[in-house]
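Peer 1: One structure follows; several queries about it will come next.
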Amino acid sequence: MKILVLNCGSSSVKYKLIDSDSKKVLAEGGVEKIGLPDSFLKFKRPDGSKETLTIEMPSAKEAVKNVLDILTDPKEGVIKSLNEIDAVGHRVVHGMEWFNKSVLITPEVIEKVKECYSVAPLHNPANVTGIEAVSAIIPDVPQVAVFDTAFHQTMPAKAFMYALPYEAYEKYGVRRYGFHGTSHRYVSARACEFLGLPYEKQRIITCHIGNGASITAIKDGKSVDTSMGLTPTEGLMMGTRVGDVDPGAIVYMMEREGLDAAGVSKLINKRSGVAGVSEISSDMRDIEDAIERGEEKAILALDMYEYRILKYIGAYAAVLGGVDVIVFTGGVGENQTSTRAKICEQLAFMGVTFNAEANKVRGEEIEISGADSKTHVVVIPTDEELMIAEDTSAIVKELRK
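Numbering-wise (our numbering), the sequence shown opens with residue 2 and increments by one.
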């Protein structure tokens with residue numbers, strides 16, 4: 002079954018065309034700078050070569066149309082007709098408590114996704130725009146929504162509730178929802194498959210760390226706690242997001258700087274994190290270069306970033322009553338060997354031994370714990386698109402029965 006996976010942002014669209022039966026990626030690419038004069042479409046050919054085309058795309062609908070056009074292009078395309086696309090799977094960021102699994106998209110589903118706009122104002126509107134664009138161009142193709150928050154709906158109330166007045170939850174749904182759920186679900190299951198362990202009997206800590214970052218505690222195949230909250234701002238220190246912070250500090254900054262709600266949102270989402278502390282960049286490659294130059298703020302930023310990860314692993318080890326598997330994934334988790342090494346070396350108290358030679362690998366599946374380690378530590382590159390394709394395929398096959 003050929004599944005088109007779309008991840009629609011406010012100014013970009015990423016896509017993959019996946020054969021869900023063979024798990025083969027048939028085509029992939031993306032559109033960037035939607036609505037700007039220099040918008041462009043980039044894609045990878047089957048032989049691995051890449052191409053970039055500058056195309057005017059004033060809207061997401063035009064962006065999706067150009068994606069579909071390149072897939073069927075006589076020269077560059079991989080399918081002859083749009084009829085070959087069996088279904089479209091969409092990454093949808095927030096589903097609140099309405100969705101605990103992937104679902105077939107209906108008008109009712111779209112309305113619920115729109116009701117989540119207030120808690121995901123940057124993501125959910127773009128997700129809906131992508132859904133509506135597909136509906137306009139290929140209206141008869143079934144579409145499926147795969148929610149970032151769905152995997153975490155198994156958390157108990159003691160983990161997801163905030164110590165705010167209870168009416169905040171009753172009236173507005175204010176609670177921890179968590180994100181990166183599709184990634185945490187994929188890498189936790191894949192880690193057990195890779196190690197030959199029964200997934201439903203493991204205590205797992207998955208570390209999706211990159212520009213956006215979250216850690217999840219998984220017991221017997223279910224999420225029991227996660228670091229992100231009502232929004233993706235809570236938890237770990239991230240590229241530009243603040244992570245855990247004293248709410249009183251935010252009130253203090255509001256008063257001192259005269260910030261309104263929009264100003265606070267910009268402060269905690271765009272001006273903080275690694276970029277805010279280092280005053281250099283949110284990109285870890287730039288931070289590593291600055292550290293080599295001896296720049297103190299860059300050193301501090303990386304120390305803080307790694308320290309927060311270590312704290313959450315320790316906390317979730319206590320929540321789980323021990324750990325069988327720790328998984329590193331995401332841009333930093335898959336590629337930054339120094340960060341993996343620093344964290345693992347501080348987990349000796351948990352019986353973790355570290356294989357420095359194995360850790361030299363970037364972006365590949367590898368076990369980096371020693372043969373005598375009481376806890377398996379593995380690197381598993383995430384594949385959210387494959388997870389979305391598989392969910393979409395399963396729902397469409399059930400629909401056709």
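Backbone N, C-alpha and C define an ideal beta-carbon position, used for all residues, glycine too.
This structure is a prediction, so every number in the text was calculated from the model and none was measured.
Could you give the distance in angstroms between the alpha-carbon of Ser23 and the alpha-carbon of Ile4?
Peer 2: As a working mapping, residue 23 is identified with position 22 in the sequence shown. As a working mapping, residue 4 is identified with position 3 in the sequence shown. C-alpha separation (whole angstroms): 12 Å.
Peer 1: Under a three-way DSSP split, which group does Arg204 fall into?
Peer 2: Locating residue 204 in the sequence shown gives position 203, counting from the first residue. Strand at Arg204.
Peer 1: Count the other CB atoms, across all protein chains shown, that sit within 10 Å of the CB of Arg46; report buried if there are 16 or more and exposed otherwise.
Peer 2: The count along the sequence shown starts at 1 and reaches residue 46 at position 45. Its Cβ having fewer than 16 others within 10 Å, Arg46 is exposed.
Peer 1: Should Lys159 be labelled buried (16 or more other beta-carbon atoms within 10 Å of its own) or exposed?
Peer 2: Within the sequence shown, the letter at position 158 stands for residue 159. It counts as exposed.
Peer 1: Can you name the start and end residues of the beta strand (DSSP E) that Ile4 belongs to?
Peer 2: The residue labelled residue 4 in the question sits at position 3 within the sequence shown. Segment Lys3 to Cys9, the beta strand (DSSP E) holding Ile4.
Peer 1: Can you tell me whether Tyr16 is helix, strand or coil according to DSSP?
Peer 2: Along the sequence shown, one-based indexing puts residue 16 at 15. Of the three classes helix, strand and coil, the one that applies to Tyr16 here is strand, per DSSP.
Peer 1: Just mark Thr55 as buried or exposed, buried being the case when its beta carbon has 16 or more other beta carbons within 10 Å.
Peer 2: Working through the sequence shown from its first residue, we reach residue 55 at position 54. Under this definition Thr55 is an exposed residue.
Peer 1: Whole angstroms are fine: how far does the CA of Lys298 sit from the CA of Arg272?
Peer 2: Taking the sequence shown and counting its residues from 1, one reaches residue 272 at position 271. Taking the sequence shown and counting its residues from 1, one reaches residue 298 at position 297. The alpha-carbon atoms of Arg272 and Lys298 are separated by roughly 15 Å.
Peer 1: Count the other C-beta atoms from every protein chain shown that fall within 10 angstroms of the C-beta of Gly49, then say buried if there are 16 or more, exposed otherwise.
Peer 2: The residue you call residue 49 lines up with position 48 of the sequence shown. Under this definition Gly49 is an exposed residue.
Peer 1: Run through the DSSP bridge pairs and tell me what Asp226 is partnered with.
Peer 2: In the sequence shown, counting from the first residue as 1, residue 226 sits at position 225. According to DSSP, Asp226 bridges with Ala218.
Peer 1: So Phe180 packs on Ser215, CB below 8 Å; how close in whole Å?
Peer 2: Numbered from its first residue, the sequence shown carries residue 180 at position 179. Numbered from its first residue, the sequence shown carries residue 215 at position 214. About 6 Å; that satisfies the 8 Å criterion.
Peer 1: Quick test of the definition: if touching needs 3 or more C-beta pairs under 8 Å, does the segment 113 to 126 touch the segment 86 to 96?
Peer 2: yes
Peer 1: Helix, strand or coil, according to DSSP, for Gln154 in the structure here?
Peer 2: For the purposes of this step, residue 154 is taken as the residue at position 153 of the sequence shown. Residue state, collapsed to three classes: helix.
Peer 1: When the distance is taken between beta carbons, is Leu231 closer than 8 Å to Arg177?
Peer 2: For this step, residue 177 is matched to residue 176 along the sequence shown. For this step, residue 231 is matched to residue 230 along the sequence shown. A contact, by the Cβ cut-off of 8 Å.
Peer 1: Alpha carbon to alpha carbon, how far is Glu296 from Gly36? Give it in angstroms, no decimals.
Peer 2: Residue 36 sits at position 35 when you count from the first residue of the sequence shown. Residue 296 sits at position 295 when you count from the first residue of the sequence shown. Distance between the alpha carbons of Gly36 and Glu296 is about 38 Å.
Peer 1: Flag this pair as touching only if the segment 374 to 390 and the segment 14 to 29 have three or more C-beta atom pairs under 8 Å; answer yes or no.
Peer 2: yes
Peer 1: Mind checking which residues open and close the alpha helix (DSSP H) that includes Arg257?
Peer 2: To locate residue 257, count along the sequence shown from 1; it is residue 256. Unbroken alpha helix (DSSP H) run through Arg257: Pro248 to Glu258.
Peer 1: With respect to the beta strand (DSSP E) encompassing Glu52, which residues constitute its N-terminal and C-terminal limits?
Peer 2: As a working note, residue 52 is residue 51 in the sequence shown. Lys51 to Thr55 is the extent of the beta strand (DSSP E) around Glu52.
Peer 1: Just to confirm, are Ser103 and Val68 a CB contact at a threshold of 8 Å?
Peer 2: The residue labelled residue 103 in the question sits at position 102 within the sequence shown. The residue labelled residue 68 in the question sits at position 67 within the sequence shown. Result no, Cβ atoms of Ser103 and Val68 do not sit closer than 8 Å.
Peer 1: To the nearest angstrom, report how far apart Thr183 and Lys312 are at their CA atoms.
Peer 2: Counting from 1 along the sequence shown, the entry for residue 183 is found at position 182. Counting from 1 along the sequence shown, the entry for residue 312 is found at position 311. One C-alpha to the other measures close to 23 Å.
Peer 1: So Gly371 is in the alpha helix (DSSP H); what residue range does that whole segment cover?
Peer 2: As a first step, residue 371 must be located in the sequence shown, where it is residue number 370. That residue, Gly371, is in no alpha helix (DSSP H); it is neither H nor E in DSSP.
Peer 1: Look at the Cβ atom of Phe41, then the Cβ atom of Glu29, and state whether they are nearer than 8 Å.
Peer 2: Numbered from its first residue, the sequence shown carries residue 41 at position 40. Numbered from its first residue, the sequence shown carries residue 29 at position 28. Result no, Cβ atoms of Phe41 and Glu29 do not sit closer than 8 Å.
Peer 1: Determine the direct distance from the alpha carbon of Ala164 to that of Pro59, and round the result to whole angstroms.
Peer 2: As a working mapping, residue 59 is identified with position 58 in the sequence shown. As a working mapping, residue 164 is identified with position 163 in the sequence shown. If I take the Cα positions, the gap works out to 44 Å.
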